[in-house]
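Residue numbers (this note's numbering), protein chains in the order written: chain A, 541 to 746; chain B, 1243 to 1377. Glycine included, every Cβ here is placed at the ideal spot set by N, Cα and C. All values derive from a computational prediction rather than experimental measurement.
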Amino acid sequence: MDFNGSDTIPGPRTEDHLPHTAQAAAKIVIVGGFGVGKTTMVGSVSEIRPLTTEETMTQAGVGVDDNYGSETKTATTVAMDFGRISITDQLVLYLFGTPGQQRFWFLWNGLFEGALGAVVLVDTRRLEVSFDVIGRLEERGVPFVVAINSFPDAPRYPIPQLRTALDLTEDIPMVECDVRRRASSRDVLLTLMRFLHSLTMTGSLT
Amino acid sequence: MTPPRRTRRYPRHEPTPPPKPAKEGEEKNPERLYVVAGAAEDGARAALDLVTLIVARAEAPPSATPEQAAVLRLCTAPLSVAELSAYLSLPFSAMTVLITELLTAELVQARAPIVRQAVPDRSLLEAVMHGLQRL
Ligand SMILES: Nc1nc2c(ncn2[C@@H]2O[C@H](COP(=O)(O)OP(=O)(O)OP(=O)(O)O)[C@@H](O)[C@H]2O)c(=O)[nH]1
Ligand SMILES: [Mg+2]
């Protein structure tokens, strides 16, 4: 891009400026399969128009012949939508929605390790697309809640049946939501925060 | 109709330590799960997070590159690395290189993010809950 003309660089609208008192920010990651509503959720609770950040990931190819030194590397661009919620004058919360191939999200260093927790959005029409990401969160000890985004033509299962299907323990919150509604998305985030809070009581985080 | 079934997985190893440990020598407070990670102490590459807040400390000097000047114009108010990356259409890693230069030149200040820690900080979670309830 052209950095020379000051007018050409887009920036936040004046009303989107954080106060100078903003001391620190935390992040939450929203994961789930294609078209499950991640971008919609970010947009419905964000105080700013959702933005996109990207990163190029390289991963060593899974070679059949182990040829050290001539390992194939594959590069993939991972783009994430994100939004922002000012919690107080000092504290800001960012929400990142991760599209594309799930395995690449986990190469983004610090994305999940640093996050307070994750929301797994699930579409009951394609429950299996969330299996891998849930497993990866478990492996990394990232606390998460499961939100079932209720699409009109989706099969409806009772929560206990979904819990069994997803093989989740009783303590992991599962809620239904319609992420097009701000209040519903906010309630999902509150569910995650209450869950994280409950972990501080039992002392069993990760 | 029954849904397809998944099999649970378990932590592979000890949870990965957070990317930005607290400053060395800082008192370890066992009550804190989410700590404000230590900022870069020397000119060395700062561990910048997507949500590290960047604030300009000065106007762009004549020696600043156009990219550096653009960052300084954008972060007159605190702005996260992710937002800078979005507005400047630069990948995150390119953005961190640019910001590290500005940190070294003391043209910007970095406000470290709050990251997940092994031991909880309830008051932070409570603050977030109260904030969300006002949405
Ligand atoms: N009925 C219903 N539709 C929804 C809901 N959430 C999202 N949608 C619709 O589903 C479509 C996909 O939503 P997105 O938010 O783009 O999904 P996404 O997860 O970001 O998709 P990708 O980034 O492509 O993986 C959009 O047309 C939304 O309007 C919901 O809760 N209920
Ligand atoms: Mg999307």
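CA nearest to the CA of residue i, picked from the options
i, options, result
"Asn689/A", "Gly650/A, Arg665/A and Trp645/A", "Arg665/A"
"Tyr1252/B", "Ile570/A, Ala694/A and Gly675/A", "Gly675/A"
"Thr1294/B", "Val1357/B, Ser1365/B and Leu1374/B", "Val1357/B"
"Leu1374/B", "Arg734/A, Thr554/A, Asp711/A and Leu651/A", "Arg734/A"
"Phe574/A", "Gly637/A, Asn649/A and Asp727/A", "Gly637/A"
"Leu677/A", "Asp693/A, Leu656/A and Tyr697/A", "Leu656/A"
"Thr598/A", "Leu635/A, Ala566/A, Arg643/A and Gly583/A", "Arg643/A"
"Ser586/A", "Ile627/A, Pro550/A and Val618/A", "Ile627/A"
"Cys717/A", "Thr593/A, Leu729/A and Glu595/A", "Leu729/A"
DSSP state of residue i mapped onto helix, strand, coil
i, result
"Ser1322/B", "strand"
"Val569/A", "strand"
"Asp621/A", "strand"
"Arg1210/B", "Outside the shown range of chain B (1243 to 1377) lies residue 1210/B, about which nothing can therefore be said."
"Met741/A", "helix"
"Ala615/A", "strand"
"Val715/A", "strand"
"Thr592/A", "strand"
"Ser1331/B", "coil"
"Ile1296/B", "strand"
"Ser725/A", "helix"
"Ala1336/B", "helix"
"Ser1365/B", "helix"
"Ala1311/B", "helix"
"Thr628/A", "coil"
"Met597/A", "strand"
7 Å Cβ cutoff met for residue i and residue j
i, j, result
"Arg1315/B", "Val1350/B", "no"
"Lys578/A", "Leu661/A", "yes"
"Thr740/A", "Arg1364/B", "yes"
"Val673/A", "Phe652/A", "no"
"Val659/A", "Val632/A", "no"
"Leu1340/B", "Glu1309/B", "yes"
Close-in-space but distant-in-sequence residues of the same chain around residue i (CB under 6 Å, 5 per side omitted)
i, result
"Gln630/A", "Thr561 and Gln563"
Closer than 6 Å: residue i CB and nearest ligand 4 heavy atom
i, result
"Pro590/A", "Among the ligands in the structure shown, ligand 4 does not appear; only ligand 1 and ligand 2 can be found there."
8 Å Cβ shell around residue i - same chain, five flanking residues per side excluded
i, result
"Thr592/A", "Ala619, Met620, Asp621 and Phe622"
"Cys1317/B", "Ile1296, Val1297, Ala1298, Leu1326 and Val1350"
"Arg751/A", "The structure shown does not extend to residue 751/A, since chain A is modelled only from 541 to 746, so the question has no answer here."
*Starting from the N-terminal side, write out each stretch of the beta strand (DSSP E) that is 3 residues or longer and does not extend beyond the region 630-709 of chain A.*
631-637, 657-662 and 684-689
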